[in-house]
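Enquirer:
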Amino acid sequence: MGVLAAERIKLTSTRSPWWCSAVVIALGIGLAVLMALITNIDAEPGQGPPPLTPGLAASGVTGFGVMVLMIMAALTVTSEYRFGVIRASFLAVPNRSKVIVSKAGLVGVYAALLTGVLALAAFVVAKLIVGDEAPGLVLEGNWREIYSIPIYALLGVMLAIGIGVLVRQSAAAISLIVLWPLLIEGLLGAFGSFGRAVTPFLPFANMNRFMTVDDVSGNWHWGVWGSLIYFAAFVAIVFAGALVVVNRRDA
3 MGVLAAERIK
13 LTSTRSPWWC
23 SAVVIALGIG
33 LAVLMALITN
43 IDAEPGQGPP
53 PLTPGLAASG
63 VTGFGVMVLM
73 IMAALTVTSE
83 YRFGVIRASF
93 LAVPNRSKVI
103 VSKAGLVGVY
113 AALLTGVLAL
123 AAFVVAKLIV
133 GDEAPGLVLE
143 GNWREIYSIP
153 IYALLGVMLA
163 IGIGVLVRQS
173 AAAISLIVLW
183 PLLIEGLLGA
193 FGSFGRAVTP
203 FLPFANMNRF
213 MTVDDVSGNW
223 HWGVWGSLIY
233 FAAFVAIVFA
243 GALVVVNRRD
253 A
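Residue 3 is where the sequence shown starts when you use the numbering used here, and the numbers rise one by one after that.
1) Helix, strand or coil for Glu142, going by three-state DSSP, please let me know.
2) Using a Cβ-Cβ cutoff of less than 6 Å, which residues in the same chain neighbour Ala75 once the five nearest sequence positions on both sides are dropped?
3) Between the Cα of Asp216 and those of Gly133, Glu147, Val95, spot the shortest distance and give me the residue it belongs to.
4) Find out if the Cβ-Cβ distance for the pair Gly30, Val79 is shorter than 7 Å.
5) Just to check, is the beta-carbon of Val68 closer than 6 Å to a non-hydrogen atom of the ligand ADP?
6) Alpha carbon to alpha carbon, how far is Asn210 from Pro56?
7) Inspect the CB distances between the segment 31 to 38 and the segment 87 to 94 and report whether three or more fall short of 8 Å.
8) Considering Cα atoms alone, identify which of Val140, Ala207, Asn42, Arg98 is closest to Tyr154.
9) By DSSP, does Pro152 sit in helix, in strand, or in coil?
10) Taking just the CA atoms, how far does Lys12 sit from Glu82?
11) Just reading off the alpha helix (DSSP H) that Ile186 is part of, what are its end residues?
12) With DSSP collapsed to three states, give me the class of Leu204.
13) Compute the beta-carbon to beta-carbon distance between Leu54 and Val132, rounded to the nearest angstrom, for a pair I have assumed lies under 8 Å.
14) Which residues bound the alpha helix (DSSP H) around Gly228?
15) Can you tell me the Cα-Cα spacing of Ile151 and Gly118, whole angstroms?
16) Which residue comes first and which comes last in the alpha helix (DSSP H) that contains Ser91?
17) At what residues does the alpha helix (DSSP H) containing Thr214 begin and finish?
18) Does the distance from the C-beta atom of Gly67 to that of Val26 stay below 7 Å?
19) Using a Cβ-Cβ cut-off of 7 Å (strictly less than) and excluding sequence neighbours within five positions of Leu33, which residues of its own chain qualify?
20) On the three-state DSSP scale, how would you describe Thr16?
21) Taking C-beta to C-beta, are Pro205 and Phe233 nearer than 7 Å?
22) Express the C-alpha separation of Lys105 and Leu178 in angstroms, rounding to a whole number.
23) Roughly how many whole angstroms lie between the Cα atoms of Leu116 and Ala8?
24) In terms of alpha-carbon separation, which member of Leu141, Arg251, Ile176 lies closest to Ala124?
25) Could you give the distance in angstroms between the alpha-carbon of Asn144 and the alpha-carbon of Ala175?
26) What does the Cβ neighbour count give for Phe241, buried or exposed, with the cut at 16 atoms within 10 Å?
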């Protein structure tokens, strides 16, 4: 509990987590409003607005919000390495794994709670703007598009902290977090038959499949819950590797 209290003070006493949270809130709600307004504008007379699903309404949270929280999580580690604060933490708590696990647990739970509330808020805001005539904007049958978001945020934060511990450099950690899902996996999946064969083994592709209610095309070897387990196992391997490394090398 003492380690958790120390990590809570670190998290709440600096400005960057507050600014990151404000950005996530603005993106989550703002894009929900934008998507709803665009849906109303594109609606054909007498036919109602085009389909808008809960996942699309919360796309600001999944597409940008979780990424911002992952960057924030990585910085909680790399900034301490940069300014030497991590050495004081390890001197106070010789069990280094406890420090990293406490940090990941605290930031991860915060990210899950924030994104979960924002996902529901984005759905409600979009529903109020579009109205009851939106054909796809219902939670029945689409719940996975909502509850998968805090799961993704929790696992994403753990992955980001693991990467931060492994590379120690803010620029390198942020580059990996941003380029990996947005560029590297997209490029690998674009190479014809090779891309179709490798896509089922890409971690973020599996997480995106779990977050999408509609079946994602591809040569998948397991169901949607298997995709979640695959991504969670990948995160666990990276995080476990970070714990091994942090205990073996100098701070």
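Glycine is no exception: its CB is placed at the ideal position from the N, C-alpha and C atoms.
Expert: Short version:
1) coil
2) Val109, Val159, Ala162, Ile163
3) Glu147
4) no
5) Because no ligand of any kind appears in the structure shown, any question about the ligand ADP cannot be addressed here.
6) 15 Å
7) no
8) Ala207
9) helix
10) 10 Å
11) It is not in any alpha helix (DSSP H) - Ile186 carries neither H nor E in the DSSP assignment.
12) coil
13) 6 Å
14) 226 to 250
15) 6 Å
16) 87 to 94
17) Taken as a continuous stretch (DSSP letters only), Thr214 belongs to no alpha helix (DSSP H), as it is neither H nor E.
18) yes
19) Ser61, Gly62
20) coil
21) yes
22) 20 Å
23) 21 Å
24) Leu141
25) 33 Å
26) buried
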